[in-house]
Structure formats: structure tokens, C-alpha cells
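Whatever position you read off the sequence shown (first residue = 1), add 3 for our numbering. Glycine residues also receive a C-beta, built at the ideal position from the N, C-alpha and C atoms.
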Amino acid sequence: MLRVDSLEVHYGSTHAVRGVSFELAEAGSLALLGANGAGKSSVLSALSRLVPSTGQVHLAGEDITRLPAERVTRAGLIHVPEGRRVFPSLSVHENLLMGLIARGSRSAEYAIDDVYDLFPPLRPLRRRSGYALSGGEAQMVAVGRGLLGAPNVMMVDEPSLGLSPLMTETVAEALITVSARTSLVVVEQNLQVATRICSDAIVLRAGEVVLRGSSADVLGSEDVVSSYLSA
Ligand SMILES: Nc1ncnc2c1ncn2[C@@H]1O[C@H](COP(=O)(O)OP(=O)(O)OP(=O)(O)O)[C@@H](O)[C@H]1O
Numbered sequence: 004m005l006r007v008d009s010l011e012v013h014y015g016s017t018h019a020v021r022g023v024s025f026e027l028a029e030a031g032s033l034a035l036l037g038a039n040g041a042g043k044s045s046v047l048s049a050l051s052r053l054v055p056s057t058g059q060v061h062l063a064g065e066d067i068t069r070l071p072a073e074r075v076t077r078a079g080l081i082h083v084p085e086g087r088r089v090f091p092s093l094s095v096h097e098n099l100l101m102g103l104i105a106r107g108s109r110s111a112e113y114a115i116d117d118v119y120d121l122f123p124p125l126r127p128l129r130r131r132s133g134y135a136l137s138g139g140e141a142q143m144v145a146v147g148r149g150l151l152g153a154p155n156v157m158m159v160d161e162p163s164l165g166l167s168p169l170m171t172e173t174v175a176e177a178l179i180t181v182s183a184r185t186s187l188v189v190v191e192q193n194l195q196v197a198t199r200i201c202s203d204a205i206v207l208r209a210g211e212v213v214l215r216g217s218s219a220d221v222l223g224s225e226d227v228v229s230s231y232l233s234a
């Protein structure tokens with residue numbers, strides 16, 4: 004579903020992503036792990052064309068390497084960014100509907116009611132403004148908005164960041180449900196959460212892939228600990 008070859012990102016003299024390659028099968032799920040500054044978010048930003056990069060990216064067989072950001076989204080590579088980016092002056096319901104713009108003419112995978120079923124706490128909040136949401140509520144809206152964009156692949160950056168253990172659990176359970184029918188790439192600092200959501204994982208250190216395998220194997224590896232301790 005997604006094939007990434009030899010991805011490179013430079014910010015001036017900082018070489019943030021160094022030759023990263025991976026493949027994600029249909030309905031596959033991949034965690035991108037690593038210490039602060041390892042390059043995880045830069046991989047997602049490069050794939051969604053928010054930062055310049057070199058390398059090749061294929062989505063569902065289509066070469067999307069040179070497409071501008073909005074066409075990448077319309078092709079179905081949907082980025083749920085760190086910090087959620089919920090529109091403060093729109094209601095929960097309106098924020099969710101914004102996801103439909105990304106869907107374009109592709110057929111719907113999820114209806115808005117599916118999103119409320121996935122995140123029941125959002126139902127009574129449908130008229131509440133974005134600015135009045137808690138971090139967890141905003142994260143549910145951000146993921147729901149992504150799903151309404153009919154993702155071929157949804158990339159979720161730090162879903163548990165700043166959330167309570169209970170809210171982390173709600174979001175993780177929802178993403179596990181989503182992973183049964185939607186391909187996922189998840190950047191996550193919380194190793195346990197990431198490896199529960201995703202069947203496979205890669206570990207980045209200083210922009211390079213240093214470990215890849217099933218989530219169980221990666222979690223059991225001693226290298227993963229050292230990767231987290233040394234950026
Ligand atoms: N816009 C930018 N301009 C310059 N340097 C950047 C920019 N964004 C990231 N970097 C640098 O690129 C490297 C990789 O950062 P990135 O945010 O991709 O890492 P990360 O693994 O996602 O880290 P974190 O978990 O802290 O978000 C870091 O050295 C960071 O300082």
C-alpha cells in the first residue's frame with residue numbers, strides 16, 4: 004500500500020532523515036520509534052510533502068513522490084499531525100466534516116456516525132467549539148477527521164502526547180480498531196502504546212533505520228532501549 008525508498012531530509016546543515024526505506028502492506032500497521040530528534044516526525048512530514056525531501060514514495064502503486072501536499076492528501080495519504088491542529092472556531096462536528104475535503108472523489112471508508120461510534124465521548128460534544136476541547140477530545144477529533152478523509156494510509160504523529168492514561172487507552176483502543184481495516188503509520192514516544200497498536204515497528208536513530216521487525220521482536224530487543232537513550 005505504501006512503499007518508501009531512500010528517503011532523505013535535510014534542514015540546512017541538519018541531515019534529519021538518512022536513506023529511510025520501508026513498505027507497508029494493505030491494512031498493515033507500522034510504528035516509527037526512536038528518541039527525541041531521531042527523525043520520526045520528519046519522515047511523516049516528508050511523506051506528506053510538508054518538508055522537502057529526496058527519495059521515492061509510492062501509494063497504492065501510484066508514484067506520489069513529486070505531488071504537492073494537497074494532492075498527496077487527496078491521493079489518500081492522510082497525516083494526523085502532532086498537536087492535533089483542531090480548528091478553534093469550528094465545532095467538533097464541523098471539524099470532523101473538514102476531513103471530507105481530503106476525501107475528494109474517493110469512496111468513503113467511514114461515515115461520520117462511524118467516527119462517533121469509534122469515539123462515543125464526542126457525541127455529546129458535537130456542538131462544542133474546538134478551542135474548548137481537552138487534549139484527549141481534540142485528539143479524538145483529529146483522528147476522526149483523518150478517517151473521514153478516507154485514508155489509504157493514515158499517519159498519526161504522537162497520538163498519546165500529553166494525554167492521561169485513561170484517554171491514552173481510549174485513543175489506543177480506537178486506533179487498534181481502525182488498524183483492522185486501514186493501513187497505519189504511528190509515531191509514538193510511548194513504546195508500549197505503539198507496539199500494541201502496530202504489528203510492525205522500525206526504530207530510527209539519528210535519522211537512520213537501526214532496527215525493524217514485528218512489534219514483539221522490536222520491543223524485546225535490547226537495541227531498542229539504547230536507541231531511546233541515544234538520539
Ligand atoms: N523545521 C526544522 N528546521 C530545522 N531543523 C529541524 C526542523 N524540524 C526538525 N528539525 C531537526 O531534525 C531532527 C529530527 O527532528 P524530528 O522532529 O523529525 O525528530 P523526532 O524523532 O520526530 O523527534 P521528537 O520525538 O522530539 O518529535 C532534529 O535534529 C530536529 O532538531
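Beta-carbon spacing of residue i, residue j below 8 angstroms
{"i": "A177", "j": "L125", "result": "no"}
{"i": "L33", "j": "V188", "result": "yes"}
{"i": "V7", "j": "V20", "result": "no"}
{"i": "D160", "j": "V190", "result": "yes"}
{"i": "S229", "j": "S218", "result": "no"}
{"i": "Q142", "j": "P162", "result": "yes"}
Endpoints, the beta strand (DSSP E) within which residue i is located
{"i": "Q59", "result": "57-62"}
{"i": "T17", "result": "17-27"}
{"i": "E11", "result": "5-14"}
{"i": "R208", "result": "203-208"}
{"i": "L33", "result": "32-36"}
{"i": "V189", "result": "186-190"}
{"i": "V83", "result": "80-83"}
{"i": "V159", "result": "156-160"}
Inter-residue CB distance, residue i and residue j (contact presumed, cutoff 8 angstroms)
{"i": "R52", "j": "G79", "result": "About 14 angstroms; that fails the 8 angstroms criterion."}
{"i": "A145", "j": "V89", "result": "6 angstroms"}
{"i": "L5", "j": "S186", "result": "7 angstroms"}
{"i": "G102", "j": "G149", "result": "6 angstroms"}
{"i": "S10", "j": "S56", "result": "Correcting the residue type first, residue 10 is Leu in the shown sequence and not Ser. About 6 angstroms; that satisfies the 8 angstroms criterion."}
{"i": "L151", "j": "V118", "result": "6 angstroms"}
{"i": "D226", "j": "V212", "result": "Not really, about 12 angstroms apart at Cβ, beyond 8 angstroms."}
Run of the alpha helix (DSSP H) containing residue i, from where it starts to where it stops
{"i": "M170", "result": "168-182"}
{"i": "A105", "result": "95-106"}
{"i": "E211", "result": "Not the alpha helix (DSSP H): E211 falls in the beta strand (DSSP E), residues 211-217."}
{"i": "A49", "result": "43-50"}
{"i": "L194", "result": "194-200"}
{"i": "L151", "result": "138-151"}
{"i": "L121", "result": "115-121"}
{"i": "V75", "result": "72-77"}
Close Cβ partners of residue i (< 8 angstroms) along its chain, the five nearest in sequence each way excluded
{"i": "A234", "result": "Confidence is the limiting factor: at A234 the pLDDT is only 48, short of 50, which leaves the residue's position unreliable and the question unanswerable from this model."}
{"i": "D220", "result": "none"}
{"i": "A183", "result": "A30"}
{"i": "A28", "result": "M4, S186"}
Neighbourhood of residue i by C-beta distance below 7 angstroms, restricted to the same chain and skipping five residues each side
{"i": "N98", "result": "V89, F90, G133, V144, R148"}
{"i": "P71", "result": "R52"}
{"i": "L222", "result": "L194, T198"}
{"i": "N155", "result": "M4, L62, A63, G79, L80, S186"}
{"i": "H18", "result": "G210"}
{"i": "E85", "result": "S44, D160, E161, L164"}
Cut-off 6 angstroms between Cβ atoms - residues of its own chain near residue i, not counting five sequence neighbours on either side
{"i": "R215", "result": "I205"}
{"i": "M158", "result": "L47, H82, V188"}
{"i": "Q59", "result": "D8, T68"}
{"i": "E112", "result": "A153"}
{"i": "R87", "result": "A141, Q142, A145"}
{"i": "G22", "result": "S9"}
{"i": "V174", "result": "Q142, P162"}
With a cut-off of 8 angstroms, do at least 3 Cβ pairs link the stretch 87-95 to the stretch 132-150? Touching, per the Cβ criterion.
Does the stretch 167-177 come within contact of the stretch 69-83, defined as at least 3 CB pairs closer than 8 angstroms? Result no; under three Cβ-Cβ pairs closer than 8 angstroms.
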